[in-house]
Amino acid sequence: MADLKLEGSPKTPTIEFNSGNGYLLIRGRSIPENSIEFYKSLIEALEEYNNSPQANTKVDIQLEYFNTSSSKCILDVFKKLEAINSGNSEVVINWYYEEDDEDMLEAGEDYQAIINIPFKMIEVEEE
Amino acid sequence: MDNIHDFYNKMEKGNIMLSFKGEVTSDLLTSILQIMESKMETLEEPPKIKKKVYNILVECLQNLYHHLDDDDFKTKINEKSALFMIRKVDGEYSIMTGNFIANENVELMEGRLDRINAMDKDELKMYYKEVLNNGEMSAKGGGGLGMIDIARKSGKKLEYKFDHIDDEYSFFSLNIKVAQ
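Each protein sequence line maps, in turn, to chains A and B.
Quick note on this note's numbering: the first sequence kicks off at 1 and runs consecutively.
Quick note on this note's numbering: the second sequence kicks off at 1001 and runs consecutively.
(1) Could you please tell me which residues of the region 31-51 of chain A, in chain order, have their CB closer than 8 Å to any CB of chain B?
(2) Could you check if A45/A is buried or exposed, using at least 16 other CB atoms within 10 Å of its CB as the buried criterion?
(3) In the DSSP output, what is T57/A paired with across the bridge?
(4) Given a cut-off of 7 Å, decide if V91/A and N85/A are closer than it, judged by their beta-carbon atoms.
(5) Assuming E47/A contacts K80/A (C-beta within less than 8 Å), just tell me the rounded distance between them.
(6) Any contact of the region 1040-1052 of chain B with the region 93-106 of chain A, i.e. 3+ C-beta pairs under 8 Å?
(7) Does G1022/B get closer than 7 Å to chain A when you measure Cβ to Cβ?
(8) Identify which residue in E1168/B, N1134/B, Q1034/B and N1117/B has its Cα closest to the Cα of N1105/B.
(9) V1053/B: buried (16+ other C-beta within 10 angstroms of its C-beta) or exposed?
(10) If we count Cβ pairs, one from each stretch, closer than 8 Å, do we get three or more for the region 1149-1158 of chain B versus the region 1168-1179 of chain B?
(11) Assuming A2/A contacts Y49/A under a Cβ cut-off of 8 Å, what Cβ separation, rounded to an integer in Å, is found between them?
(12) What does K11/A reach in chain B if we use C-beta pairs closer than 8 Å?
(13) Quick check: what's the CA-CA separation for T14/A versus I26/A?
(14) Just the Cα atoms here: how many angstroms apart are Y111/A and L75/A?
(15) Since V1058/B and N67/A should fall inside the 8 Å C-beta cutoff, what is the C-beta to C-beta distance between them, to a whole number of angstroms?
(16) So what does DSSP say about L4/A, is it helix, strand or coil?
(17) At a threshold of 6 Å, does E44/A count as lining the ligand NAD (C-beta to nearest heavy atom)?
(18) Candidates E123/A, T57/A and I122/A: which alpha carbon is nearest N21/A's?
(19) So, is R1115/B buried or exposed, given that buried needs 16 or more other C-beta atoms within 10 angstroms?
(20) When you compare only the Cα positions, how much space is there between K1021/B and Y23/A?
(21) V59/A and N94/A look like a contact to me (Cβ under 8 Å); what is the Cβ gap, rounded to whole Å?
(22) Alpha carbons only, please: which of L4/A, S52/A, K40/A and S9/A is nearest the one belonging to I128/A?
(23) Between the Cα of K1156/B and the Cα atoms of I1165/B, M1119/B and D1166/B, which residue gives the shortest distance?
(24) For the beta strand (DSSP E) containing I1016/B, name the first residue and the last one.
(25) Which value, in whole angstroms, describes the spacing of the CA atoms of K11/A and R29/A?
(26) Assign A1179/B to one of three DSSP states: helix, strand, or coil.
(27) Measuring alpha carbon to alpha carbon, tell me which of S19/A, Y97/A and S71/A ends up nearest Y39/A.
(28) Who are the near neighbours of L6/A in its chain, counting only those whose CB is closer than 6 Å to its CB and skipping five residues on each side?
(29) Measuring alpha carbon to alpha carbon, tell me which residue in N88/A, I36/A, E125/A and L42/A is nearest Y96/A.
(30) Report the option in I61/A, F17/A, S69/A and A83/A whose CA atom is closest to the CA atom of N1063/B.
(31) Whose C-alpha, out of P53/A, S52/A, E64/A and S19/A, is nearest the C-alpha of E123/A?
(32) Kindly indicate which three-state DSSP category F1007/B falls into: helix, strand or coil?
(33) Under 8 Å by Cβ, that's how I've got I1086/B and M1036/B pegged, so tell me the actual separation to the nearest angstrom.
In structure tokens, the structure reads:
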């Protein structure tokens, strides 16, 4: 079982990964000083999941803030998803951004330009 | 005792919202971010400005934190000291940092900053993607993206200065203005 559930904190996001229904959620803030350590468990869970993935994998990314230290790790997560997508599972990535948050929309576009999976950009109202 | 009043007046005239001098620790970083977030909440800043300022604060503080992490940058009195200030003048935020840097690293730093300052918005976006995708990740995770990201979010040129201290060290001052 490659399931993962991490509670969010002021510096780290909520992460939920359910291998049984092929769903990954990353929500909140990702500004830890050491992001490699934080993302390690998710990267490993995705690697394990790729051995026997569901036919469809849905990913929701709802980040409010992320630092550049996290941005590389998030790219690594997307690269794992790319591998899953070119394997036996069809991956859909939903990238959420708050209206007027051009920086977060652009960040999603930056990833989309690098990663070979279609991103769905979803605008949400400010909280 | 007069000095305290002088300090106060200087900070008041300089529109300093928050300032800190000393060692930047993980806990301090968390506190500063919380304080600034609630200050900007109270000031009812537009979400766009709030997010930009917050993002730049995170990168600046973590730059200082990681920089001071390094034993090479201890000052003569063995204090891992840095200066950090936030001002708001005529509605414009600026974030200022100061820290000691080994003379041998000045040229490299200057080169990076000049390269970033020579780029327009689209070039910065390209450069960011290039470093994100190809750059080596340092053990601390940064991998040279911080300053590029700061420049992108600020929308202004980075102002900087190196003051020569002695044979070993210079003082690196950085002023980041946040475009409205």
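C-beta atoms are modelled at their ideal positions from N, C-alpha and C, and glycine is treated no differently.
In terms of the structure at hand:
(1) I31, E33, N34, S35 and I36
(2) buried
(3) V91/A
(4) yes
(5) 6 Å
(6) yes
(7) no
(8) E1168/B
(9) buried
(10) yes
(11) 4 Å
(12) T1030
(13) 6 Å
(14) 7 Å
(15) 5 Å
(16) strand
(17) Although the ligand NAD was asked about, the structure shown includes no ligands whatsoever.
(18) T57/A
(19) exposed
(20) 45 Å
(21) 7 Å
(22) No information on residue 128/A is available, as it lies outside the stretch 1 to 127 that chain A covers here.
(23) M1119/B
(24) I1016 to G1022
(25) 6 Å
(26) coil
(27) S71/A
(28) I15
(29) E125/A
(30) S69/A
(31) E64/A
(32) helix
(33) 7 Å
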